[in-house]
């Protein structure tokens, strides 16, 4: 049975990273963009990560420039921006596509499991997917959903 742990993603250093290393942990997977108006959500995402990381919960950030090119081309600039402005310490990965023919397989899976307003497409930066400890997609949240508004759902799956 396919679940979120079955995918391999790329680290900012360009190395393959198997998500099965997070097996047994709940995840909040987010497509991020440093220059987006929703970028202040990094602060709330970091707070959730800090609060629940010892309860087997992780936030995973996937930079994406598909929406008005609001992400740096250079992943080092992205990482620096996130750390300098929002003290991001949760795992961030290489820049990916979330829509279209080049969409990362992880995002193809997530979108198929929980369709949104635009059905099988991601609407904008900071769309969030909550994954339970079995790797199953529990919920999809709109870009406008603030991280703190997801906290009750996180508690339920922990």
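Residue numbers (my numbering): 362 to 519.
Every residue, glycine too, gets a C-beta built ideally from N, C-alpha and C.
Which of helix, strand or coil DSSP assigns to residue i
| i | result |
| --- | --- |
| residue 385 | coil |
| residue 405 | helix |
| residue 371 | strand |
| residue 443 | helix |
| residue 412 | helix |
| residue 513 | helix |
| residue 471 | helix |
| residue 438 | helix |
| residue 365 | helix |
| residue 483 | coil |
Neighbour-count burial assignment, residue i, 16 or more Cβ in a 10 Å radius
| i | result |
| --- | --- |
| residue 432 | buried |
| residue 467 | buried |
| residue 445 | exposed |
| residue 505 | exposed |
| residue 407 | buried |
| residue 450 | exposed |
| residue 448 | exposed |
| residue 508 | buried |
| residue 439 | buried |
| residue 402 | buried |
DSSP beta-bridge partners of residue i
| i | result |
| --- | --- |
| residue 489 | 391 and 502 |
| residue 458 | 464 |
| residue 422 | 391 and 453 |
| residue 378 | 370 |
Cutoff 9 Å: residue i Cβ touching any chain B Cβ
| i | result |
| --- | --- |
| residue 398 | In summary, chain B is missing from the structure at hand, where a single protein chain is found. |
Integer Cβ distance of residue i from residue j, believed to fall under 8 Å
| i | j | result |
| --- | --- | --- |
| residue 427 | residue 381 | Residue 427 to residue 381, Cβ: 26 Å. No contact. |
| residue 519 | residue 387 | 6 Å |
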